[in-house]
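Mapping to our numbering: the sequence shown position 22 is 50, numbers consecutive.
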Amino acid sequence: MIQEDTISAVTTAPGNAAIGIIRISGPEALKIAEKIFFAASGKKLEAYPSHTMAYGFVRDEKGVDIDEVLAVYMKAPRSYTAEDVVEIQCHGGMQSLRNILRLTYYYGARAAEPGEFTKRAFLNGRIDLVQAEAVMDIINSKSSAALKIAVQQQEGFLSGKLKEIRKELKDVIVHLEAVIDYPEEDIEDVTYNEVTVAIEKAKEETKALLNGAHTGKILKEGLRTAIIGRPNVGKSSLLNTLLKEERALVSEYEGTTRDVIEEQLVIGGIPVLLADTAGIHDTEDFVEKLGVERSRAFLDKAELIMVVLDGTSPLTPDDEAILNAVKGKNTVFVVNKTDIAESLITNELANRFSRENIIEISAKTKEGIDLLENWLKEYVYGSNRQTDEEVYIQNERQIELLRQAHESLTDAADAAVNRLPYDCLTIDVDRALTLMGEITGETVRDEIINEIFARFCVGK
Numbered sequence: 029m030i031q032e033d034t035i036s037a038v039t040t041a042p043g044n045a046a047i048g049i050i051r052i053s054g055p056e057a058l059k060i061a062e063k064i065f066f067a068a069s070g071k072k073l074e075a076y077p078s079h080t081m082a083y084g085f086v087r088d089e090k091g092v093d094i095d096e097v098l099a100v101y102m103k104a105p106r107s108y109t110a111e112d113v114v115e116i117q118c119h120g121g122m123q124s125l126r127n128i129l130r131l132t133y134y135y136g137a138r139a140a141e142p143g144e145f146t147k148r149a150f151l152n153g154r155i156d157l158v159q160a161e162a163v164m165d166i167i168n169s170k171s172s173a174a175l176k177i178a179v180q181q182q183e184g185f186l187s188g189k190l191k192e193i194r195k196e197l198k199d200v201i202v203h204l205e206a207v208i209d210y211p212e213e214d215i216e217d218v219t220y221n222e223v224t225v226a227i228e229k230a231k232e233e234t235k236a237l238l239n240g241a242h243t244g245k246i247l248k249e250g251l252r253t254a255i256i257g258r259p260n261v262g263k264s265s266l267l268n269t270l271l272k273e274e275r276a277l278v279s280e281y282e283g284t285t286r287d288v289i290e291e292q293l294v295i296g297g298i299p300v301l302l303a304d305t306a307g308i309h310d311t312e313d314f315v316e317k318l319g320v321e322r323s324r325a326f327l328d329k330a331e332l333i334m335v336v337l338d339g340t341s342p343l344t345p346d347d348e349a350i351l352n353a354v355k356g357k358n359t360v361f362v363v364n365k366t367d368i369a370e371s372l373i374t375n376e377l378a379n380r381f382s383r384e385n386i387i388e389i390s391a392k393t394k395e396g397i398d399l400l401e402n403w404l405k406e407y408v409y410g411s412n413r414q415t416d417e418e419v420y421i422q423n424e425r426q427i428e429l430l431r432q433a434h435e436s437l438t439d440a441a442d443a444a445v446n447r448l449p450y451d452c453l454t455i456d457v458d459r460a461l462t463l464m465g466e467i468t469g470e471t472v473r474d475e476i477i478n479e480i481f482a483r484f485c486v487g488k
C-alpha cells in the first residue's frame with residue numbers, strides 16, 4: 029500500500045542540539061534529496077549503496093551552501109516506512125533544520141502529519157498495530173523495565189502470541205462450519221469435544237495476557253502511591269529516604285507538611301509517582317485543614333496507599349480513622365521508628381490486616397527499606413516473577429479489546445458445555461477473533477487507525 033505522495037519532517041526533538049535529522053519518505057524522496065544534497069565526492073546520492081552514509085552539503089535553490097551534512101538513502105522496502113527514505117543529518121540548530129525542511133517542501137514534499145512515518149510502516153505491512161503503538165511506548169518509557177517491555181512488543185512478542193491464539197480460533201470456526209454445512213455426518217460429539225478444549229485453551233491464554241496487564245500499565249504509567257498517616261509519624265522522612273535526598277521538610281513539630289508533595293522515582297525498576305500528603309487529623313488551623321482535605325481527596329486517585337504509623341506508641345483515634353478510610357483499598361502498612369523501640373502495634377495490625385502487607389522500618393536508619401522495596405516488586409509483578417518469559421500489555425486500547433475477547437470466549441465455552449446450537453458458538457468465537465484482530469490491526473477500522481497515529485509526535 030505504498031503512498032503516492034512524499035512527506036518530510038524533522039525527526040529529532042525541538043531545540044538546539046549537536047545533530048538534527050530530517051527524514052524524507054515516499055516515491056520522490058531520492059529525487060528531492062538529489063536537488064538539495066551535493067556530495068563532496070561529486071557523486072549522486074543514488075550512486076552510493078543503499079544505507080551508506082555520504083558526506084556533503086545542502087544547498088538552497090540559489091546554490092548557496094546551507095549546512096555541512098551527512099545523508100543516507102534507504103531503498104524500499106528496507107527502510108522504516110518500507111518506502112524510499114532519505115535522512116539528512118545536519119547541525120542541530122533550529123535555523124539549519126528549518127531551512128533544510130523548507131527546501132524539501134519547495135521541491136515537492138509535504139509536511140508529515142503526527143505519526144505518519146510509523147503509520148506508513150503499518151499500512152505498508154512492515155509492522156502491525158501493536159508494534160506501531162510500541163514505538164511511542166519506547167519513547168515514553170519511564171523505567172528500564174517499561175522500556176524492555178516496549179521493545180519486546182515492538183519486536184512482536186505480543187503480536188506472535190495473539191497470532192497463535194487467532195489461528196486456534198480460526199480452526200475452531202472451521203470445525204463448527206463443517207458441522208453446520210454437513211449435518212448428516214456423524215461428527216457432532218467429536219466436534220463438541222475438540223471445540224470445547226480449543227476454546228478453553230484460548231480463554232486461558234487470553235486470561236494469562238490480561239493478568240499481566242496490571243504490571244504492564246504500572247511499568248508504563250507509574251505506580252501512583254500516596255503516603256498517608258497522622259502528623260509526625262515519619263511520612264516526609266520516608267519520602268526523603270526513598271528519594272535519597274532531602275525533598276520534604278522534616279521537623280519534630282506537627283503539621284510541617286501542609287500540602288501534597290509529588291515526586292517521581294524508580295524503586296526496584298518500578299516507576300513510582302509518590303505523594304507525601306499532609307498529616308490526616310482534626311485541626312482548627314485553616315491552612316492545615318485545607319492540606320488534610322487535599323490528602324483525603326488524593327486517596328481516591330492513588331492506586332496504592334502507603335499508611336505510615338508510629339510503632340513506638342499505641343494506635344490513636346487519628347490512626348483508627350485512617351485505617352477505616354483505607355478499607356477495601358490496596359494498602360501497605362509501614363510501621364516506622366523501629367530504631368527507637370520494638371513495635372507496639374504490629375501484632376494488632378496483623379490481627380486486622382494481612383501480615384504480608386505490614387512492613388517494619390526505620391526511615392531514619394533505612395532499616396527495612398529493602399523489605400518495602402521487595403514488597404512493591406511483588407505487588408507489581410506478583411509472587412511468581414517471570415519478566416523474561418511473560419508478555420505484559422501496557423496499552424489501554426489493547427487491554428480493553430482483549431478483555432472483551434476473553435468475555436466472548438467465556439460465553440463460547442459456556443455455550444459449548446451446554447451444547448447450544450453451533451451458530452451461537454460461531455458468533456462468540458468470531459467476535460473474539462475480530463477483537464484480537466483489532467489489537468494487531470488486521471480487522472481495525474480506518475478511523476481507529478487515524479486516531480491512534482494522531483497521538484504520535486510529528487517526525488515519528
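Quick reminder that beta carbons are idealized off the backbone N, C-alpha and C, glycines included.
If you're wondering where the values come from, they're calculated on a predicted model, not measured in any experiment.
Applying the criterion that 16 or more other CB atoms from any shown protein chain within 10 Å of the CB defines a buried residue, is Phe484 buried or exposed?
Buried, because 16 or more other Cβ atoms sit within 10 Å of the Cβ of Phe484.
Please report the straight-line C-alpha distance between Lys63 and Thr471, rounded to a whole angstrom.
Approximately 41 Å between the Cα atoms of the pair.
Going along the chain, which residues of its own chain have a beta-carbon closer than 6 Å to the beta-carbon of Asp313, five neighbours each way excluded?
Here Asp313 scores only 48 on pLDDT, less than 50, and its place in the model should not be relied on; the value that follows carries that caveat. Correct list: empty, nothing qualifies.
Based on Cα-Cα distance, which residue from Glu406, Ser436, Gly487 and Phe381 lies nearest to Leu463?
Nearest of Glu406, Ser436, Gly487 and Phe381 to Leu463, Cα basis: Ser436.
Counting along the chain, where does the alpha helix (DSSP H) carrying Val97 start and finish?
First-last for Val97: Asp93 to Met102, but that is the beta strand (DSSP E), not the alpha helix (DSSP H).
Check the C-beta distance from Ile387 over to Val362 and give it rounded, since I have them as a contact under 8 Å.
About 5 Å separates the two Cβ atoms, so the contact holds.
Pairs of beta-carbons, one from the stretch 38-46 and one from the stretch 57-76, closer than 8 Å: are there three or more?
Not touching, per the Cβ criterion.
The alpha helix (DSSP H) with Ile455 in it runs from where to where?
Note, Ile455: alpha helix (DSSP H), Tyr450 to Thr468.
According to DSSP, is Gln422 part of a helix, a strand, or is it coil?
Gln422 falls in the coil class under three-state DSSP.
Are Lys189 and Val419 close, meaning C-beta to C-beta below 7 Å?
Yes, Cβ-Cβ distance for Lys189 and Val419 is below 7 Å.
Among residues of its own chain, excluding the 5 on either side of Asp214, which ones have a beta-carbon nearer than 7 Å to its beta-carbon?
Model confidence at Asp214 stands at a pLDDT of 48, short of 50, so the residue's coordinates are unreliable and nothing is read from them.
Can the beta-carbon of Leu337 be found closer than 7 Å to that of Val261?
Result yes, Cβ atoms of Leu337 and Val261 sit closer than 7 Å.
Does the contact criterion of 3 or more C-beta pairs under 8 Å hold for the stretch 261-270 versus the stretch 386-401?
Taking 8 Å as the limit for Cβ pairs, the verdict is that the stretch 386-401 does touch the stretch 261-270.
Between the C-alpha atoms of Gln159 and Asp346, what's the straight-line distance to the nearest angstrom?
About 50 Å.
The alpha helix (DSSP H) spanning Ile368 covers which residue range?
Run containing Ile368: none; DSSP gives neither H nor E here.
Just checking, does the stretch 77-95 make contact with the stretch 122-129 on the three C-beta pairs under 8 Å criterion?
Yes: the two stretches touch, three or more of their Cβ pairs being nearer than 8 Å.
Can you grab the Cα-Cα spacing for the pair Pro142 / Pro77, in whole Å?
If I take the Cα positions, the gap works out to 30 Å.
Given this structure, state the Cα-to-Cα distance separating Val486 from Gly136, to the nearest angstrom.
So the alpha carbons of these two residues sit roughly 19 Å apart.
Give a yes or no on whether the C-beta atoms belonging to Leu429 and Glu466 are separated by under 7 Å.
A contact, by the Cβ cut-off of 7 Å.
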